[in-house]
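A.B. asks: Counting in this note's numbering, the sequence shown runs from 44 upward without gaps.
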Amino acid sequence: MRTDVLGIGFDNVDMAEAVERAQSLMETPDTDYVVTPNPEIVWLARKNPQLRQAIDSASLVLPDGIGVIYGAKILGRPLRGKVPGADFAQELFSKMAEKGQRLYLLGAKPSVAEKAGENIKKEFPGIVVCGAADGYFKEDAPVIDKINAASPDFLLVCLGAPKQELWMYKNRDKLKVPLMAGLGGSLDVYAGVVQRAPEKWQKMNLEWLYRLIKQPSRIGRAMRLPAFLIAVMWQRVRGK
Ligand code: UDP
Numbered sequence: 044m045r046t047d048v049l050g051i052g053f054d055n056v057d058m059a060e061a062v063e064r065a066q067s068l069m070e071t072p073d074t075d076y077v078v079t080p081n082p083e084i085v086w087l088a089r090k091n092p093q094l095r096q097a098i099d100s101a102s103l104v105l106p107d108g109i110g111v112i113y114g115a116k117i118l119g120r121p122l123r124g125k126v127p128g129a130d131f132a133q134e135l136f137s138k139m140a141e142k143g144q145r146l147y148l149l150g151a152k153p154s155v156a157e158k159a160g161e162n163i164k165k166e167f168p169g170i171v172v173c174g175a176a177d178g179y180f181k182e183d184a185p186v187i188d189k190i191n192a193a194s195p196d197f198l199l200v201c202l203g204a205p206k207q208e209l210w211m212y213k214n215r216d217k218l219k220v221p222l223m224a225g226l227g228g229s230l231d232v233y234a235g236v237v238q239r240a241p242e243k244w245q246k247m248n249l250e251w252l253y254r255l256i257k258q259p260s261r262i263g264r265a266m267r268l269p270a271f272l273i274a275v276m277w278q279r280v281r282g283k
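#1: For the pair the segment 113-131 and the segment 139-149, tell me if three or more CB-CB distances fall below 8 Å.
#2: Could you give the distance in angstroms between the alpha-carbon of Asp183 and the alpha-carbon of Met266?
#3: Closer than 7 Å by C-beta to Ala93: which residues in its own chain qualify, once you throw out the five before and the five after it? Chain order, please.
#4: Tell me whether Pro127 sits in a helix, a strand or coil according to DSSP, three-state version.
#5: Run the proximity test for Leu230: is its beta-carbon closer than 7 Å to any non-hydrogen atom belonging to the ligand UDP?
#6: Would you say Asp229 and Gly128 are within 8 Å of each other, going by their C-beta atoms?
#7: Less than 8 Å between the CB atoms is what I'm expecting for Asp290 and Gly110, so what's the real figure, rounded?
#8: Give me the residue from Arg254, Leu199, Pro106 and Arg45 with the minimum Cα distance to Glu157.
#9: Put Phe167 into one of helix, strand or coil per three-state DSSP.
#10: Quick check: what's the CA-CA separation for Ala61 versus Leu226?
#11: DSSP on Asp196, reduced to helix/strand/coil?
#12: Below 8 Å on the Cβ atoms is my contact criterion, and I expect Ala28 with Trp86 to pass it. Report the Cβ-Cβ distance as a whole number of Å.
#13: To the nearest angstrom, report how far apart Ala159 and Gly119 are at their CA atoms.
#14: What span of residues does the alpha helix (DSSP H) with Tyr179 cover, start to end?
#15: Closer than 7 Å: is that where the CB of Lys206 sits relative to any heavy atom of the ligand UDP?
#16: Residue range of the alpha helix (DSSP H) that Asp99 falls in?
#17: Given the structure, does Leu202 come close to the ligand UDP, in the sense that its CB is under 7 Å from one of the ligand's heavy atoms?
#18: Return the chain-ordered list of same chain residues with a C-beta closer than 7 Å to the C-beta of Val236, the five sequence neighbours on each side being excluded.
#19: Out of Lys189, Ser100, Ile170 and Arg89, which one is the CA nearest neighbour of Lys213?
#20: Hey, would you say Leu202 sits closer than 8 Å to Gly178, going by beta carbons?
#21: Going by Cα to Cα distance, which pick from Ala192, Gly150, Lys165 and Leu218 is closest to Lys181?
#22: Identify the residues that DSSP records as bridge partners of Asp47: which are they?
#23: Check whether chain B comes within 8 Å of Tyr233, counting only Cβ atoms and requiring the distance to be less than that.
#24: Thinking just about the alpha-carbon of each residue, which of Val104, Ala59, Thr71 and Ile163 is nearest to the one in Pro80?
#25: Identify, in the order they occur along the chain, each residue of the same chain with its Cβ nearer than 6 Å to the Cβ of Ala234, setting aside the five sequence neighbours on each side.
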């Protein structure tokens with residue numbers, strides 16, 4: 044049973060369990076995918092039934108960010124903790140490296156995925172980066188063919204939300220990949236193009252504020268967080 048936060052069901056898992064489940068999903072040949080909705084995506088899904096369906100159809104729905112955790116708490120059904128997508132993937136990389144498993148990186152601006160791949164290989168020797176491509180393509184078919192030819196165990200789809208969730212949902216039957224995950228700007232982080240908040244900020248749950256200071260143009264998106272929290276409180280008041 045998933046934990047409902049404003050119509051999105053979250054898996055109530057901690058990091059270790061999320062990684063364990065992802066590893067099991069990677070062992071089976073059918074294509075599964077992971078989504079990591081933050082409050083902004085939950086907010087978007089309220090008005091976008093396709094996005095909601097794409098999220099509901101995921102095999103693993105991880106609470107990315109403190110806003111979702113607060114939301115669940117306010118609603119009286121607390122989640123075990125946040126599982127940030129970028130951290131989740133890194134934990135998985137270290138397990139993949141032990142087994143020599145294959146990783147394909149899709150998304151971000153040209154050459155970012157390649158650079159991210161180099162850094163991942165340095166940090167997790169043993170992992171096989173079997174391909175990388177930017178996220179600004181026009182047609183899906185050639186991209187899917189390249190991915191299938193590389194035969195990855197795990198595919199990162201970093202096209203930003205909601206594009207990546209819709210892309211994985213739409214193409215899941217054409218992709219011969221046991222597991223993929225929609226991870227927003229993570230390739231920019233792995234490539235060193237964007238810096239994550241210092242650990243102190245992350246521990247204080249202020250990563251969103253750090254991002255906003257670094258990229259003030261995100262203000263419109265950041266304003267969805269208070270809207271999300273107000274909607275959660277309203278849902279609580281109505282007793283749902
Ligand atoms: N992006 C992409 N193709 C697109 C639009 C965006 O590959 O058509 C990439 C963009 O370059 C960036 C990522 O998707 O690397 C989105 O980053 P953002 O930080 O906005 O994602 P979030 O994690 O907030 O969803």
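The beta-carbon is built from N, C-alpha and C at its ideal position, and this holds for glycine as well.
C.D. replies: Short version:
#1: no
#2: Along the sequence shown, one-based indexing puts residue 183 at 140. Along the sequence shown, one-based indexing puts residue 266 at 223. Distance between the alpha carbons of Asp183 and Met266: 32 Å.
#3: Residue numbering aside, residue 93 sits at position 50 when the sequence shown is read from its first letter. The question names Ala, but residue 93 is Gln in the sequence shown. For Gln93, where only same-chain residues beyond five positions count, the Cβ hits under 7 Å are Leu209.
#4: Taking the first residue of the sequence shown as 1, we reach residue 127 at position 84. Coil at Pro127, not helix or strand.
#5: Position 187 of the sequence shown, counted from the first residue, corresponds to residue 230. Yes - the ligand UDP has a heavy atom lying nearer than 7 Å to the Cβ of Leu230.
#6: Along the sequence shown, one-based indexing puts residue 229 at 186. Along the sequence shown, one-based indexing puts residue 128 at 85. For the record, residue 229 in the displayed sequence is Ser; it is not Asp. Yes. Within cutoff.
#7: What the structure shows of the chain is the stretch from 44 to 283, and residue 290 is not part of that stretch, so it cannot be assessed.
#8: As a working mapping, residue 157 is identified with position 114 in the sequence shown. Here the closest residue by C-alpha is Leu199.
#9: The residue given as residue 167 occupies position 124 in the sequence shown. Of the three classes helix, strand and coil, the one that applies to Phe167 here is coil, per DSSP.
#10: Indexing the sequence shown from 1 puts residue 61 at position 18. Indexing the sequence shown from 1 puts residue 226 at position 183. About 15 Å.
#11: On the sequence shown, residue 196 is found 153 positions in, with the first residue counted as 1. Coil, per DSSP.
#12: In the structure as shown, the chain starts at 44 and stops at 283, and residue 28 therefore has no counterpart that could be examined.
#13: Taking the first residue of the sequence shown as 1, we reach residue 159 at position 116. Taking the first residue of the sequence shown as 1, we reach residue 119 at position 76. Cα to Cα, Ala159 sits roughly 39 Å from Gly119.
#14: Mapped onto the sequence shown, residue 179 falls at position 136. Element bounds for Tyr179: n/a, residue is neither H nor E.
#15: Sequence index remark: in the sequence shown, residue 206 carries index 163 (1-based). In this structure, Lys206 has its CB closer than 7 Å to one or more heavy atoms of the ligand UDP.
#16: Position 56 of the sequence shown holds residue 99. That run of the alpha helix (DSSP H) goes Pro92 to Asp99.
#17: Numbered from its first residue, the sequence shown carries residue 202 at position 159. At least one heavy atom of the ligand UDP is nearer than 7 Å to the Cβ of Leu202, so yes.
#18: Taking the sequence shown and counting its residues from 1, one reaches residue 236 at position 193. Listed in chain order, the non-local C-beta contacts of Val236 below 7 Å within the same chain comprise Val155, local neighbours out to five positions each way being set aside.
#19: For the purposes of this step, residue 213 is taken as residue 170 along the sequence shown, with counting starting at 1. Nearest C-alpha to Lys213: Ser100.
#20: In the sequence shown, counting from the first residue as 1, residue 202 sits at position 159. In the sequence shown, counting from the first residue as 1, residue 178 sits at position 135. Closer than 8 Å, so yes.
#21: Position 138 of the sequence shown, counted from the start, is the residue given in the question as residue 181. The candidate whose alpha carbon is nearest that of Lys181 is Gly150.
#22: Position 4 of the sequence shown, counted from the start, is the residue given in the question as residue 47. Paired residue(s): Gly52.
#23: Checking the listed chains, one finds no chain B in this structure; it contains a single protein chain.
#24: Indexing the sequence shown from 1 puts residue 80 at position 37. Comparing Cα positions, the closest option is Val104.
#25: As a position in the sequence shown, residue 234 is number 191, starting the count at 1. Within the same chain, Ala234 has close Cβ partners Val155, Lys158 and Ala159.
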